[in-house]
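Residue numbers (my numbering): -12 to 124.
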């Protein structure tokens, strides 16, 4: 299937519109106060926080400029920003310069390190002893 330039523009424009729509949803409505935001099924069934618990509230707080409060809802959002920022910068460098940079996130060791960080975060945020209670959303 051949994707023409005009189809690409329509696809990219649609993605941007959906993304901005989702951002505006999180900007105007706090997930803590509205039932139409999905709740964590893992927490609902087990009572244990998953690594993603608090992410919706974190996004809401970050978009509204409450950076510290947003990060406190889910500290893994920092890792997300680091990885997305790295991927974005690398994409732009490879697209607009003549040098090709290798992506470190595609190496197995990077995947393993991120997996260990996520698993440790998952375990530690469910320990109800100070200072680990700070990791809970």
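Even for Gly, the Cβ is constructed at its ideal location relative to N, Cα and C.
On the criterion of 16 or more Cβ atoms from any shown chain inside 10 Å, does residue 60 qualify as buried, or is it exposed?
The sequence position of residue 60 within the chain shown is 73, counting from 1. The C-beta of residue 60 has 16 or more other C-beta atoms within 10 Å across all chains shown, which makes the residue buried.
Is the beta carbon of residue 13 less than 7 Å from the beta carbon of residue 46?
In the chain shown, residue 13 corresponds to position 26, counting from 1. In the chain shown, residue 46 corresponds to position 59, counting from 1. Against a cut-off of 7 Å, the Cβ pair of residue 46 and residue 13 comes out as a contact.
For residue 108, I'd like the list of residues in its chain whose CB is within less than 8 Å of its CB, leaving aside the five on either flank, ordered along the chain.
The residue labelled residue 108 in the question sits at position 121 within the chain shown. Cβ within range, chain order: 38, 62, 63, 122.
Which same chain residues end up closer than 6 Å to residue 17 when comparing Cβ atoms and leaving out the 5 residues on each side of it in sequence?
What you label residue 17 is simply residue 30 of the chain shown in a count that begins at 1. Taken in chain order, the residues that qualify are 47.
Is it buried or exposed, residue 43, if we count other Cβ atoms within 10 angstroms and call 16 or more buried?
Locating residue 43 in the chain shown gives position 56, counting from the first residue. Flag for residue 43 reads buried.
Report yes if the CB atom of residue 23 is closer than 7 Å to the CB atom of residue 112, and no otherwise.
Numbered from its first residue, the chain shown carries residue 23 at position 36. Numbered from its first residue, the chain shown carries residue 112 at position 125. With contacts defined by Cβ atoms closer than 7 Å, residue 23 and residue 112 do not form a contacting pair.
The alpha helix (DSSP H) with residue 66 in it runs from where to where?
In the chain shown, residue 66 corresponds to position 79, counting from 1. 63 to 83 is the extent of the alpha helix (DSSP H) around residue 66.
Reducing DSSP to helix, strand and coil, say where residue 112 ends up.
The residue you call residue 112 lines up with position 125 of the chain shown. Collapsing the DSSP output to three states places residue 112 in coil.
Do you know offhand how far residue -5's Cα is from residue 5's?
Here the question's residue -5 lines up with position 8 in the chain shown. Here the question's residue 5 lines up with position 18 in the chain shown. In a straight line, the C-alpha of residue -5 is about 15 Å away from that of residue 5.
Taking the straight line between their C-alpha atoms, what separation do you get for residue 89 and residue -10?
On the chain shown, position 102 is the one that residue 89 refers to. On the chain shown, position 3 is the one that residue -10 refers to. So the two alpha carbons sit approximately 27 Å from each other.
Sort 53, 84, 91 by Cα distance to residue 71 and report the nearest one.
As a working mapping, residue 71 is identified with position 84 in the chain shown. It is 91.
If you check the beta carbons only, do residue 124 and residue 8 fall under 7 Å apart?
Taking the chain shown and counting its residues from 1, the one referred to as residue 124 is at position 137. Taking the chain shown and counting its residues from 1, the one referred to as residue 8 is at position 21. No, they are not a contact pair.
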